[in-house]
Amino acid sequence: MIKLDSPNYQKFMQRLGAIAIAIFLPLAIALSDVPAAYAFDSPELLPEVYSNVIDLGRFLNESEETVLDQKLSQFEQQTGWKLRVLTQVDRTPGRAVKDFWGLNDRSVMLVADARGRNLLNFSVGDAVYPLLSRTFWIELQSRYGNQFYVREQGYDQSILSAIDAITICLAKDGCAVVPGIPQEQWILTLITSIVGGVVFGFAGHPRKDGEIFAWKWALIFTPLWGMLFISFGLGPVLTRTSEWMPIVRNVAGFVGGAVIAYLIPSPKRAVPSPEIP
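Residues in the sequence shown are numbered from 0 upward in steps of one, following numbering that gives the first Met the number 0.
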């Protein structure tokens with residue numbers, strides 16, 4: 000007869016409890032996930048009439064939704080690329096949209112969800128990645144889906160701007176970066192262009208008598224001012240826009256910085272005065 004207060008009995012019960020937890024805990028977790036899986040697939044939220052835009056979050060007005068739906072249909076007919084837009088807040092049709100829209104490798108689904116830190120998410124088909132890399136989608140999300148852009152421009156402009164960028168790039172068989180340059184990014188390129196000009200101007204200060212411009216020193220400092228002006232000043236602008244105005248302004252900033260730095264007198268070594276006998 001086993002005593003209830005014996006050490007052997009207590010060890011036996013502890014082992015039995017551990018075995019019960021190991022058996023029934025995974026089963027309980029699996030059963031608890033079943034309702035969530037059904038909730039994630041909610042075809043009743045899909046519209047009765049087929050549309051390229053499902054605006055459950057009410058981020059678009061009726062006119063914007065109609066125009067966007069027509070634009071996506073026309074784009075699909077012309078290019079074969081299937082673009083779809085889903086907005087949501089606390090309700091989502093989940094996996095049901097895949098069958099509803101017939102999403103495939105040539106499809107891109109933009110999901111605008113106000114519950115996250117970033118408004119925009121993308122479901123991208125495998126055939127899209129050779130044209131638009133993962134870096135493109137990360138930049139697109141960070142540019143148009145961040146909280147500052149959404150707060151200033153609104154949910155609708157965030158969605159429409161992202162769709163415009165996608166259609167432009169797919170229509171011309173791919174983009175390395177997101178087209179267009181934001182104001183704050185252009186200001187940064189202008190600043191780096193001016194700084195590059197300042198370095199160029201200081202490097203060109205004459206160091207010999209009769210010398211007008213020290214081209215030798217300017218060439219020595221080429222890696223520095225070239226990186227600031229060409230890589231960080233002109234590079235982002237040339238790869239993102241075909242407009243001439245940002246380029247002209249950056250070139251003018253470089254030239255202006257160089258002229259100002261060149262005209263600033265450089266400190267010269269003090270010439271020793273001749274000794275008086």
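Virtual Cβ for every residue (Gly too), placed ideally from N, Cα, C.
Straight through space, the alpha carbons of Ser41 and Lys81 are spaced by roughly 22 Å. About 7 Å separates the beta carbons of Leu59 and Ile158, which is inside the 8 Å limit, making them a contact pair. When secondary structure is reduced to three states using DSSP, Ser241 falls in the coil class, being assigned neither helix nor strand. A Cβ-Cβ distance of about 16 Å is found for the pair Pro181 and Ile167, leaving them out of contact under the 8 Å criterion.
In the three-state scheme derived from DSSP, where H, G and I count as helix and E and B as strand, Leu82 is classed as strand. Here Thr238 is exposed: its Cβ has fewer than 16 other Cβ atoms, across all protein chains shown, within 10 Å. The beta carbon of Val236 is closer than 8 Å to those of Ile180, Trp185, Thr188, Pro245, Ile246 and Asn249 in its chain, skipping five residues each way along the sequence.
For Leu119, the CB contacts under 7 Å within the same chain, skipping 5 residues up- and downstream, are Leu109, Ala111, Gln140, Tyr143, Gly144, Ser157 and Ala161 in chain order. Using a Cβ distance threshold of 8 Å, Val198 and Leu218 do not count as a contacting pair. Straight through space, the alpha carbons of Ser241 and Gly200 are spaced by roughly 29 Å. With a beta-carbon spacing of about 4 Å, Asp104 and Gly124 fall inside the 8 Å limit used to define contacts. For the set Val149, Gln152 and Ala175, the Cα lying nearest the Cα of Glu138 is the one of Ala175.
The three-state reading of DSSP puts Asn120 in strand, counting E and B together. A straight line joining the alpha-carbon of Phe253 with that of Gly196 spans about 4 Å. A straight line joining the alpha-carbon of His204 with that of Phe220 spans about 12 Å. Asp89 sits in coil when the DSSP states are folded into three classes, being neither helix nor strand. Residue range Ser106 to Asp112 is occupied by the beta strand (DSSP E) that includes Val110. The shortest C-alpha to C-alpha distance from Leu55 to any of Arg206, Trp136, Ala202 and Gly93 is the one to Gly93.
The DSSP assignment places complete alpha helix (DSSP H) segments of no fewer than 4 residues inside the segment 195 to 249 at 214 to 219, 221 to 225 and 234 to 239, in order along the chain. Within the segment 117 to 201, the complete alpha helix (DSSP H) segments of 4 residues or longer fall at 133 to 143, 146 to 152 and 154 to 170, listed in chain order. A distance of 8 Å or more separates the beta carbons of Val194 and Gly153. Burial is judged here by how many other beta carbons sit within 10 angstroms of a residue's own beta carbon; Trp136 has at least 16 and is buried.
The C-beta distance from Arg90 to Leu44 rounds to 6 Å, short enough to fall under 8 Å.
Annotation for Ala170: Thr78 place their beta carbon closer than 7 Å to its own, counting only its chain and skipping 5 residues before and after.
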